[in-house]
Structure formats: C-alpha cells, structure tokens
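Undergrad: Residue numbers (our numbering), protein chains in the order written: chain D, 926 to 1279; chain G, -5 to 283. Where a beta carbon is used, it is the ideal one built from N, C-alpha and C, also for glycine. This structure is a prediction, so every number in the text was calculated from the model and none was measured.
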Amino acid sequence: MRMPRLTAFLAATAVFVSAFTLAAQAAEEVHVLNWKGYGADEPWAVANFEKATGFKVVNDFFNSEQEMLTKIRTNPGLYDVVMINAAFNDQAMAGKLIQPIDVSKLSNYADIAKDKAGSPMLNHDGKVYGVPWVWGLTALAINDKSFDKPPTSIAEMWNPAHKGRVIIRDDAVEAVQFGAIASGQNINDIKDMEAVKTKLTSLMPQIKTFWSSENDWNQMVASNQIDIGTYWSGSADRAKTHFKLPVSLVIPQEGAVAWLDAFSIPVGSKNVAGAEAFINYMIDPKFYVEWVTKVGAPVSANTKAVEALPEDAFNRKVMGSPEVAKRIQFQAPVSDEQREKYLALWQELKVNVK
Amino acid sequence: MADQLATGSRRGLRPALPLLLPAYLWLTVAIFLPLSAMVFFSFMTDLPLAGKEWAFTLGNYAAFFSQSLYSTLLFASLRLGLEVTLWCVVIGYPAAYVLAKVLKGRSREAIFLLVILPFWSNGLVRIFSWAMVLREGGILDTALNAVLPFKINIDLMYSYPAVIIGLVHSYVPYMVLTCYLTLQAIDDSLIEAGRSLGASRRQVLRRVIIPLSMPGLIAGSALIFVPVVGSFMEPRILGGRTGTFYGTVIEDQFVAVFNWPLGAALSFILLAVVLIILALAAPVLRRAG
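1. What is the rounded straight-line gap between the Cα of residue 983 of chain D and the Cα of residue 166 of chain G?
2. Take the Cβ of residue 110 of chain G as the centre, count every other Cβ of all protein chains shown within 10 Å, and call the residue buried at 16 or more, exposed below.
3. Where does the unbroken beta strand (DSSP E) through residue 215 of chain G begin, and where does it stop?
4. Let's see if you can read the secondary structure: which residues bound the beta strand (DSSP E) around residue 1183 of chain D?
5. Under a three-way DSSP split, which group does residue 1204 of chain D fall into?
6. Using a C-beta to C-beta distance shorter than 9 angstroms, which residues of chain D count as neighbours of residue 131 of chain G?
7. Is it the case that the Cβ atoms of residue 153 of chain G and residue 180 of chain G are separated by a distance below 8 angstroms?
8. 8 angstroms is my cut-off, CB to CB: does residue 38 of chain G come that close to chain D?
9. List the residues of chain D whose Cβ lies closer than 8 angstroms to the Cβ of residue 234 of chain G, in chain order.
10. Following the continuous alpha helix (DSSP H) through residue 175 of chain G, name the residue where it begins and the one where it ends.
11. Does any CB atom of chain G fall closer than 8 angstroms to the CB of residue 1275 of chain D?
12. Going residue by residue through the stretch 87 to 163 of chain G, where are the continuous alpha helix (DSSP H) segments of at least 4 residues, counting only ones entirely within it?
13. On the CB-based measure, 16 or more other CB atoms within 10 Å of its CB, does residue 1242 of chain D come out buried or exposed?
14. For a contact defined as C-beta to C-beta under 7 angstroms, what are the partners of residue 51 of chain G on chain D?
15. Taking buried to mean at least 16 other C-beta atoms within 10 Å of its own C-beta, is residue 219 of chain G buried or exposed?
16. Between which two residues does the alpha helix (DSSP H) carrying residue 959 of chain D extend?
17. Counting beta carbon pairs with one atom in the stretch 94 to 107 of chain G and one in the stretch 223 to 241 of chain G, are three or more of them shorter than 8 angstroms?
18. My parser needs the alpha helix (DSSP H) runs of 4 or more residues fully inside the stretch 1202 to 1257 of chain D; what are they?
19. Report yes or no: do three or more beta-carbon pairs, one from the stretch 1182 to 1197 of chain D and one from the stretch 1051 to 1068 of chain D, lie closer than 8 angstroms?
20. Identify whether residue 18 of chain G lies in helix, strand or coil by the three-state DSSP scheme.
21. On the three-state DSSP scale, how would you describe residue 1124 of chain D?
22. Quick one: any contact between the stretch 119 to 127 of chain G and the stretch 192 to 205 of chain G, if contact means 3 or more CB pairs under 8 angstroms?
23. So which residues of chain G does residue 1278 of chain D contact, with C-beta pairs closer than 8 angstroms?
24. Going by DSSP, which residues form a beta bridge with residue 1347 of chain D?
25. Run through the stretch 34 to 60 of chain G for me and flag every whole alpha helix (DSSP H) of 4 or more residues, listed as ranges in chain order.
26. Find the residues of chain G that neighbour residue 881 of chain D, judging by a C-beta separation of less than 9 angstroms, and give them in chain order.
27. When you check each C-beta in the stretch 54 to 65 of chain G against every C-beta of chain D, which residues fall closer than 8 angstroms?
28. Taking Cβ to Cβ, would you say residue 1239 of chain D is nearer than 8 angstroms to residue 1162 of chain D?
29. Below 8 angstroms on the Cβ atoms is my contact criterion, and I expect residue 1194 of chain D with residue 1005 of chain D to pass it. Report the Cβ-Cβ distance as a whole number of Å.
30. Going along chain G in order, which residues have a C-beta closer than 7 angstroms to the C-beta of residue 992 of chain D?
31. Quick one: which residues of the stretch 161 to 173 of chain G get their C-beta closer than 9 angstroms to a C-beta of chain D? List them in chain order.
32. Given that residue 1173 of chain D touches chain G, what residues does it touch there, using C-beta distances under 9 angstroms?
33. Would you call residue 956 of chain D buried or exposed, if buried means 16 or more other Cβ atoms sit within 10 Å of its Cβ?
34. Check the Cβ of residue 67 of chain G against every Cβ in chain D and list those closer than 8 angstroms, keeping chain order.
35. Using only CA atoms, which one of D:1260, D:1175, D:1120 and D:1272 lies nearest to residue 1081 of chain D?
36. When Cβ atoms are compared, which residues of the stretch 80 to 101 of chain G fall closer than 9 angstroms to chain D?
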C-alpha cells in the first residue's frame, strides 16, 4: 500500500520537474550587453520582442568600451548579444571575443545601407563580425535660448561671448578628434598634434565644466548654464523629443566625427538563435520608428527604417542629406598607443587649467 | 603597575579571541585580500584577463616620477586636504566646545542631532544639493539678490571654493564629534581653577582647553585629511574644469581607460605619501599634545 503511493508521489514530482524544465527551455534567455538607455533596454521594445519570439531579454550595461571588452573577456558564455562601436570591432575580433554572424538568418540585413554593411571595420576574411545598427555624429549642440539663429562654424566654441558657457565631454579621444576637426585635420590621421594642442588650450578658458553623461548635458541646459557644447546626435534628439529641452544639433561646416554602432555575437554564446532574432528585431523598421518617436535615437543603418520616418524628420532630412555626408568623418579604430598619447595630452590640458 | 597591566592584558587575550575573530576575519577578507591583489596589480604591465600577456614591471611607479603631471596633482590634492582640514577645525572646534561646555540637556541633544544629520543622507545627494545652491541663478544667488539692494552675481559652482565648501560640509561632523568627546572629558574644575588663579579666558583656552583636547583635534584632522586627499567625487561634480585632482586621475585609470595597474600604483604612492606625512607629523603633534 505504501510503496505505490511513494512511487506515485515520485512520479508526480518527476512530471512536475520536467514540466518546469520544459517551460524554462521555452523561455530561453537572450543576454544583451549595451549602453544603458540605448534602445535595447526600452521596456516596450523588450516586451514586443518577448511577445513575438518567446525569448526572454536580460540586459546588462557598460560605461566605457574598455569595460565592455573586459566584461565579455571575463564572462565567456554569459552574453549572447553585445553592442560594439565599429571602431572597436577589430580589437574584439583579434581577441577572439566575437564570432562570425550568419546574416542569412537576419531578414532585415539586406536592407542595411551597402556602405555600412560593407564596412571593412565589421568584415574580416569575408565574414561578418558586426551587424550595423545605428550611426550618429559627435557634433555641436546649442541652447536655443542663447542663439537667434544657429551658428554654422565650429569657431563659435571659441567666441568670447560664450566664455564660461561652453561644455565638452571628459574624454581624451573625443577631445583630440574634436581639436583635429577644428584645426582642419583628418581625425584618423592627425599629423599636427601641436595644432590640436594649441586649439584645445585656447578652448579651456571658455569651458564651464566637462560632461560625462547625457544627464549632465541636459541638466546644464535645463538650468540655462551653457550656450554651446559637443554632443551626440542621438542624445540631442532625445533631449529635444523626450525631455522637451531647447536643444538643437549643429553640424559645423568644418565637419563632425561620425561613429557606427553594431551588434555582435560573443564567442561561446549559449543562444545564437535568440541573438540572431534579437539583432534582427533591433534593425527592424518598426522598432526604429517607435524608438525615434517615443524616445529619440541616432540614424538607423537600415535604409528602409530611415525611409519609414516622416519626410521632414531630422534623422532623414538633415542626417541623410548628401551635403552632410560630405562633411563627416567616420571614426577608424584607435590603437592603444594613440589612446595613451591622447590621454596624456588631455590630462596635461586639464592640469594646466589650474 | 605597568607589569600588572601587562599581565592583565595577556590574561585577557585568550577569552577575548572569539570577540576579536569576526572583526579580524572581516578585515582579512574585505580589506587585506583586495589590497594585496591591488599591490600585485600595481607591478603588472596588464591585467591577467583571458589571453592577455602580462609581465612584472616597475613602469607604473616610474610613470609617476617621469611625468610632472602626477606630482603637480598630488601637491594640489595635499593642499586641498590641508585647507579642508583647517576649515573643519575653524568651524568644528568652536561648535564642539559649545556642545560640550555651554549647552545642556534638550538643546544639546537638538544641536547634536543637527550635526549628525548629514551622515544620514547619501553623500552624492548632499553634493548635488550644493550644486543647486551654488550655481548662478541658484538658491544662494537668488536669495542674496532678493535681500540686497544692489545686484551681485554669485556663481561659485565649478570652482575651487565650491570643492572646498562641499568637502568641508561632508567632513566637518567628524571634527565636531572627535573634539566633542575630548572636550567633554575635561573636568570643569580645571578650567575654574585656572580662572581663579588669574588666567584670562584666552590663557585658559590656550594653556588648558586646547592641550587637553589635542587628541580629539589630531584624530579629527587625520580622519578628514586622509580621505580628502584621495577624494574624487566632490571635485568632479563641483570643480568643473578645475576639478582635476589626484583622486580623479586614479578614478579615470580604473573607470575610463581601464589601466588598473597604473591606477593601483598611483593609489599606493598616495598611501605612502600620506603615511609619511602622518609619521612626520606624529612627534610634533604628540609634543604639542
């Protein structure tokens, strides 16, 4: 009498456990590593993706490209999707951190602009190591309250009228490349470092403070403490659309730094199918339009996604114009050696201010 | 007498072990191990993460001496530490005296609460509230302009004074508390004896009160000076373009450029310099005490 009851109990438990395991398998997780507040973690986007595919999204974040590389290096097998700036793709591939992507599984891949999809930074030995997602500019943004009409030249940053009301990001590479544009040089091949240094030295007294996050920038404008500063195009869009701040992006005639963000799949990913589905969703026109409308975003690498925006949308009209395309310079990989040189220059500039 | 004390403490050690064990275990796990790891890192060329080549080097320490940048910043930070400590003494010591010797009962409790209150709020929140007060068009600017008949422009934000104000505010309670404890322990009859023997108020202060409360002043100063020299959050938020200090450069090495070995080496140089300063100051202060 007793034995069968025990057996029944055990059998019931076994059924229960396997049912749970099945359920767990059905809801497989996709671990995503990206900047915080950068599209992939929007609650509505995660909900839509989970509903459509049955995968569960787990977001994790980084605060710098170096931190991102360290995170995938020290947690092999944890992440399925990682967002890597194209300029860092080389480094990640050389370190055997990311694997080739089978783009035939991504239905939206064919719509990606040919120049972005074919970028030598993302393709190695005929294999695709990064799927272009969005691109944008590090340009200038202005406080609309301080200008009757937007400036056209980068020299506005040096205008004595804005003394103590200028802001730039506390980032060595960005500052040096900005100085290169201001001194009329190629950002990826700076020949005259002295000219960059002179330019930046004369900029220092103009500066109010350095920003490190979107929030810093937006607060400075909200409390009307700055007139002009370097800013990212997507962030300027978000400040205007989402936070309703008097911010406008200015692409100076001298040019601006352009960057391309792409998705990769780390080596050892446990859910490649989920990763492919997630990347495909991220480059989908429907997601992009919603992202731009609700939050504000950089420009999609997917031509169909950009075409889905209204005719007069900033990301379509201005960023897509051939006039702008001529002026911008895409950021190439920066070697560790260069990075250290830039950092030394930047630190020296900051210390000499004292 | 000394012998008796010594045997007494020896006898006390064994039963005290279970009481000491949790604290020492915690210190070993939470402080000694990570710190030794950092010492190890500071002698490496790169972090030993998957697949990265590394070797032992003195280069990280050499970097400090080969570039004037770091020593300039270290001096700036030491100066900051001294100034903040000085202001904490100027503000904290009289407050502690009033708390210990003048106020009694309810009013003492109330004032004491006000001194400790900042400890109950998050440091970051305090610094950001200072940002609201100090900036142009902020609370201080608006309030002064509302009262004064002429127009003045107060914009202390993103300047050296702003860093000092923020740090003094964060650390002054340490000075008040340490000085309060020593001042309270001074027997009132000593002060009365000095007064009745003809000493002026100032003489009593200089010859009786300050020497007797010296341990509190020293403890408070050390508690303030050491963290202020390495501070990075306050200078970064309140200092703006003048907010580059030794602490912020160390933070950059860890957070922004991911050069942990250099960051660790810079930290240990700071530790060494602070220890040397405290060691040099100890005999002077002890004599003064």
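TA: The answer reads as follows:
1. Note on geometry: alpha-carbon atoms of residue 983 of chain D and residue 166 of chain G lie some 44 angstroms from one another.
2. It counts as exposed.
3. For residue 215 of chain G, there is no enclosing beta strand (DSSP E); the residue is part of the alpha helix (DSSP H) that begins and ends at 204 to 223.
4. Following the DSSP letters along the chain, one finds residue 1183 of chain D inside the beta strand (DSSP E) bounded by residues 1181 to 1191.
5. Shown here, residue 1204 of chain D sits in a helix according to DSSP, grouped into three states.
6. The contacting residues are 1148, 1149 and 1150.
7. If you check the CB distance, residue 153 of chain G and residue 180 of chain G do not come in under 8 angstroms.
8. Residue contact with chain D for residue 38 of chain G: absent (no Cβ-Cβ distance below 8 angstroms to any residue of chain D).
9. Taking a Cβ-Cβ threshold of 8 angstroms, the residues of chain D close to residue 234 of chain G are 1132, 1133, 1134 and 1135, in chain order.
10. Unbroken alpha helix (DSSP H) run through residue 175 of chain G: 154 to 179.
11. For residue 1275 of chain D, the answer is yes, since a Cβ of chain G falls inside 8 angstroms of its Cβ.
12. Along the stretch 87 to 163 of chain G, the alpha helix (DSSP H) occurs as fully enclosed runs of 4 or more residues at 99 to 110, 117 to 128 and 133 to 141, listed in sequence order.
13. Exposed.
14. Result: empty, since nearest Cβ-Cβ is about 15 angstroms, beyond 7 angstroms.
15. When all chains shown are included, residue 219 of chain G counts as buried.
16. From DSSP, residue 959 of chain D is part of no alpha helix (DSSP H) but of the beta strand (DSSP E) over 954 to 959.
17. No, the stretch 223 to 241 of chain G does not touch the stretch 94 to 107 of chain G.
18. Unbroken alpha helix (DSSP H) stretches of 4 residues or longer found wholly inside the stretch 1202 to 1257 of chain D: 1210 to 1219, 1228 to 1232, 1239 to 1242 and 1247 to 1252, given in chain order.
19. When Cβ pairs closer than 8 angstroms are counted between the two stretches, the stretch 1182 to 1197 of chain D is seen to touch the stretch 1051 to 1068 of chain D, the count reaching three or more.
20. Three-state result, residue 18 of chain G: helix.
21. Helix at residue 1124 of chain D.
22. The stretch 192 to 205 of chain G and the stretch 119 to 127 of chain G do not touch, with fewer than three beta-carbon pairs separated by less than 8 angstroms.
23. Near residue 1278 of chain D (Cβ distances below 8 angstroms), the residues of chain G are 235, 236 and 238.
24. No answer is possible for residue 1347 of chain D: it lies beyond the span of chain D, which begins at 926 and ends at 1279.
25. Fully enclosed alpha helix (DSSP H) runs of 4 or longer: 53 to 60.
26. Absent from the model: residue 881 of chain D. The displayed extent of chain D is 926 to 1279, so no value can be given.
27. Result list: 61 and 63.
28. Contact: yes.
29. Indeed, because the Cβ distance is near 4 angstroms, the residues count as touching under 8 angstroms.
30. Here the neighbours are 252.
31. Within the stretch 161 to 173 of chain G, not one residue has a Cβ closer than 9 angstroms to any Cβ of chain D.
32. Contact note: residue 1173 of chain D does not reach chain G at a C-beta cutoff of 9 angstroms; the least C-beta distance is about 22 angstroms.
33. That one is buried.
34. The answer, in chain order, is 1276.
35. Considering only D:1260, D:1175, D:1120 and D:1272, the residue with the shortest C-alpha distance to residue 1081 of chain D is D:1175.
36. So the list is empty, because no residue satisfies the distance condition.
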